[in-house]
Amino acid sequence: MSNIILFYQIVIVILLVVGFLMGLSLRNYYRELGIMMQVIEGIDKERIRLQEKYEGGSSEVVFHKYEGEDYVGK
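Numbering-wise (this note's numbering), the sequence shown opens with residue 112 and increments by one.
Structural data, given as structure tokens:
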């Protein structure tokens with residue numbers, strides 16, 4: 112009878128250790144995932160900023176190109 116109880120105690124300790132190690136692993140995984148998400152958000156913000164800058168610059172170039180010219184019908 113005591114052998115069965117000892118066996119179950121060993122199994123429970125092993126499960127607790129495995130669960131603890133998996134928890135540590137998942138915590139590191141989610142921390143790295145959070146860092147990756149911040150990097151991706153930063154890249155998206157930079158892309159949007161550059162896109163707005165580029166679009167603003169291109170419309171400005173077109174504006175200066177046709178400024179003062181009568182380009183209707185050309």
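Cβ coordinates follow ideal geometry from the N, Cα and C atoms, glycine included. Note that this is a predicted model, so its numbers are computed, not measured.
Just the Cα atoms here: how many angstroms apart are residue i and residue j?
| i | j | result |
| --- | --- | --- |
| residue 115 | residue 124 | 14 Å |
| residue 158 | residue 140 | 27 Å |
| residue 153 | residue 164 | 16 Å |
| residue 136 | residue 161 | 37 Å |
| residue 126 | residue 166 | 58 Å |
| residue 138 | residue 118 | 30 Å |
| residue 144 | residue 129 | 22 Å |
| residue 142 | residue 112 | 45 Å |
| residue 122 | residue 155 | 48 Å |
Which of the three DSSP states is assigned to residue i in this structure?
| i | result |
| --- | --- |
| residue 112 | coil |
| residue 132 | helix |
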